[in-house]
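*Asks:* Dumping the structure here so I can ask a few things about it.
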Amino acid sequence: MKINLRARNSKVLVIGDAMLDAYWMGNVSRISPEAPVPVLAVNRKTTVAGGAANVALNCSSLGASVELIAVVGADSAAQDLQNCLTQSGIVNLALVADTNRPTTVKTRIVAAGQQIVRIDEEKSEPVECDTEAQLIKHALVALNNKPSVVVISDYGKGV
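Quick note on the numbering used here: the sequence shown kicks off at 6 and runs consecutively.
Written out as structure tokens, the structure reads:
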């Protein structure tokens with residue numbers, strides 16, 4: 006409870022590798038005739054914020070005012086991630102769109118409650134110089150707002 010009371014008045018700056026976690030859930034009742042692999046009949050798909058974006062959501066859920074600085078692709082996954090964050094109340098976003106990389110998406114295929122495979126869409130190389138310059142610019146502005154804490158969330162995805 007003390008953590009929650011302290012967090013309530015805190016300003017948290019999160020910088021790092023934001024991701025979109027996707028879950029495709031269903032049931033397997035047969036094996037594919039094309040290859041010896043299970044066939045998933047999908048009955049539900051969901052997406053949630055992952056990586057640094059999940060850290061931002063967790064800080065926000067404790068009552069902190071959160072700002073997130075991260076790189077995303079210029080793609081629909083970036084919009085999905087932004088929607089996840091804004092619907093959860095995180096509006097201080099500096100999501101730098103990079104046309105040379107996709108938004109990192111981790112898709113988990115789940116059959117009858119058991120994860121059977123994960124599909125990663127990502128680029129792990131360092132961001133381009135112009136993207137890095139934009140990140141630094143956003144970070145300097147955010148640091149001028151004197152956050153209570155700075156969280157660096159590094160998953161090795163280029164930020």
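Every residue, glycine too, gets a C-beta built ideally from N, C-alpha and C.
Apart from the five residues just before and just after V1, which ones in its own chain have a Cβ nearer than 7 Å to its Cβ?
*Replies:* The chain is shown from 6 up to 164; residue 1 falls before or after that span and cannot be answered.
*Asks:* Specify the secondary structure class of M6 as computed by DSSP and reduced to three states.
*Replies:* The count along the sequence shown starts at 1 and reaches residue 6 at position 1. In this predicted model, M6 has a pLDDT of only 45, less than 50, meaning its place in the structure is not dependable; the value taken from the coordinates is given anyway. Residue state, collapsed to three classes: coil.
*Asks:* Check whether the stretch 52 to 68 and the stretch 81 to 100 touch, using three or more Cβ-Cβ pairs below 8 Å as the test.
*Replies:* yes
*Asks:* Would the stretch 135 to 149 count as touching the stretch 110 to 121 if we require 3 or more Cβ pairs under 8 Å?
*Replies:* Because the criterion of three Cβ pairs below 8 Å is not met, the stretch 135 to 149 and the stretch 110 to 121 do not touch.
*Asks:* So for D135, helix, strand or coil by DSSP?
*Replies:* As a position in the sequence shown, residue 135 is number 130, starting the count at 1. Residue state, collapsed to three classes: helix.
*Asks:* Would the beta-carbon of V110 fall within 8 Å of that of E126?
*Replies:* Numbered from 1 along the sequence shown, position 105 holds the residue referred to as residue 110. Numbered from 1 along the sequence shown, position 121 holds the residue referred to as residue 126. Taking 8 Å as the Cβ cut-off, V110 and E126 qualify as a contacting pair.
*Asks:* Give, in chain order, every unbroken run of the beta strand (DSSP E) that is at least 3 residues long and sits entirely within the stretch 85 to 152.
*Replies:* 97 to 103, 109 to 116, 119 to 126
*Asks:* Going by other Cβ atoms of all chains shown within 10 Å of its Cβ, with 16 needed for buried, is A46 buried or exposed?
*Replies:* Counting from one through the sequence shown, the residue named residue 46 turns up at place 41. Exposed: under 16 other Cβ atoms inside 10 Å.
*Asks:* State the DSSP-derived secondary structure class of V60, mapped to helix, strand or coil.
*Replies:* Sequence index remark: in the sequence shown, residue 60 carries index 55 (1-based). Looking at V60 - three-state DSSP - the assignment turns out to be helix.
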